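Every letter in the sequence shown is one number past the one before it in full-length UniProt numbering, and letter 212, counting from 1, is 212. Below is one structure, written out as structure tokens, with a few remarks after it.
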Amino acid sequence: MDDNTKLNIQIGTTLNPDNIYVEIVENGPYILHGKSKLVQQFIVPNSKGISVNYKEGEEFETKDKTYLCRCGLSANKPYCDGAHKKAAENGVDLTEYATFNPELASSEVIEGPAVSLTDDEKLCAFARFCDNGKRVWNQIEDDNQESVNLSVEMAHHCPSGRLIVWDKNNQPIESEKQEVVLGLIEDIGNKLAGPIALWGGIPLKSAKGEFYEVRNRQTICRCGQSSNKPFCDGTHASMQFQDGLPNQPKQDGKVF
Ligand code: FES
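This is the structure we're talking about:
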């Protein structure tokens, strides 16, 4: 990435220090620039089916440049095998439709007594961390510290960055510092695969050469069917996207 590149960085996000970024090839794959951790991240549900955490699965090698599938058709996922050349005949449109506007420009603001919540619904990746029996939108209506902590944790686990909890000084609250990692989201509860999560301030460069806003948490489509490409819009759930990768986390896969 050019050192002079002007990046629009969301408040509260720290740009990753290793110059790791993802570039979109027009009608082609993602190129991951820089050696980054690339690992399956299984959404772990509790006994009531509520998403509570992640567990890691298989880790995949990355090089200085790594080509990653974004059409959903590769037989060698998570890598690209050239199958995007047949995307059109398979009904996959790889056009980027997302706006370059900052996320907060289109987010709804929900004010609570102790904190507020911003919500950009179009980014929803259906990871379901926002409802632990009490939905985060209701959780922030309480002003006790336990509810605030729960709201922050729910937002922190939301891989898409749809949800952000803010303090009364308009500063985002994150429950912990985010490791820089590309997560291949696996929805173990619904037996399907999801997007690639970009955690920790990883810039995303459009095929048009422009960078999207850099955020702590983003999810980019790898099923090929989102209507808000390059971002996931949850369509992988209705199409039951499968990536053919191991379908269980490692026994010792660390809790994210
Ligand atoms: S991976 Fe979520 S819509 Fe494609």
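In this text, a Cβ means the ideal position worked out from N, Cα and C, and glycines have one as well. All values reported here derive from a predicted model rather than from experimental measurement.
Residues in the same chain with beta-carbon distance under 6 Å from residue i, minus the five sequence neighbours each way, listed in chain order, please.
i: D70; result: The sequence given here has Arg at residue 70, not Asp. Excluding positions up to five away in sequence, the list reads P29, Y30, R222.
i: P172; result: G12, I164, W166
i: A197; result: P159, G183, I185, T219
i: L38; result: F60, T62, L182
i: D66; result: At residue 66 the sequence reads Thr, which differs from the Asp that was named. Closer than 6 Å at the Cβ level, and outside the excluded window around T66, lie L32.
i: N8; result: E213
i: F211; result: L7, P203, K205
i: Q10; result: E213, R215
i: T235; result: Q225, S226
i: F129; result: S51, M154, H157, C158
i: S151; result: V136, Q139, I140, V165
Could you tell me which residues DSSP pairs with residue i in its beta bridges?
i: R135; result: D131
i: L182; result: L38, L198
i: S116; result: E111, W166
i: P45; result: S51
i: V11; result: It is Ile, not Val, that sits at residue 11 in the sequence shown. DSSP, once it has assigned bridges, lists no residue as partnering I11.
i: V22; result: L32, L204
i: I173; result: V165
i: A193; result: E186
i: V255; result: K55
Since residue i contacts residue j with CB under 8 Å, what's their CB separation in whole angstroms?
i: V181; j: S36; result: 7 Å
i: Y97; j: K6; result: No, Y97 and K6 are not in contact; Cβ-Cβ is about 23 Å, not under 8 Å.
i: E56; j: K254; result: 6 Å
i: I188; j: A127; result: The Cβ separation is near 11 Å, so there is no contact.
i: G209; j: L15; result: Not confirmed; about 19 Å, so no contact.
i: residue 257; j: N19; result: With the chain represented from 1 up to 256, any question about residue 257 goes unanswered, as that position is not in the structure.
i: Q41; j: F241; result: Their Cβ separation, rounded to whole angstroms, is 15 Å, which puts Q41 and F241 out of contact at 8 Å.
i: L68; j: Y54; result: That belief does not hold up - the Cβ atoms of L68 and Y54 are roughly 19 Å apart, past 8 Å.
So, for residue i: in the same chain, excluding its five sequence neighbours on each side, which residues have a beta-carbon less than 7 Å away from its beta-carbon?
i: residue 267; result: Nothing can be reported for residue 267, as the shown portion of the chain is limited to 1 through 256.
i: G49; result: G189
i: N144; result: none
i: K250; result: E56, G57
i: P113; result: D143
i: G244; result: K77
i: I110; result: S116, L117, D119, W137, I140
Excluding sequence positions up to five away, which residues of its chain have a Cβ less than 8 Å from the Cβ of residue i?
i: A87; result: N27, C71, L73, D93, L94, G224
i: G133; result: K48, I50
i: D81; result: C69, S74, A75
i: M239; result: C223, Q225
Point to revise | Contact between the segment 142–161 and the segment 213–233 (3+ Cβ pairs under 8 Å) | key: yes
**Study point:** Complete runs of the beta strand (DSSP E) confined to the UniProt domain "Iron-binding zinc finger CDGSH type" (205–242) [at least 3 residues]
**Key:** 217–220
Exercise for review: Indicate whether the contact test is met: 3 or more Cβ pairs, each with one atom in the segment 203–214 and one in the segment 70–82, closer than 8 Å.
Suggested key: no
**Study point:** Start-end ranges of the beta strand (DSSP E) lying completely within the UniProt domain "Iron-binding zinc finger CDGSH type" (53–90), minimum 3 residues
**Key:** 65–68
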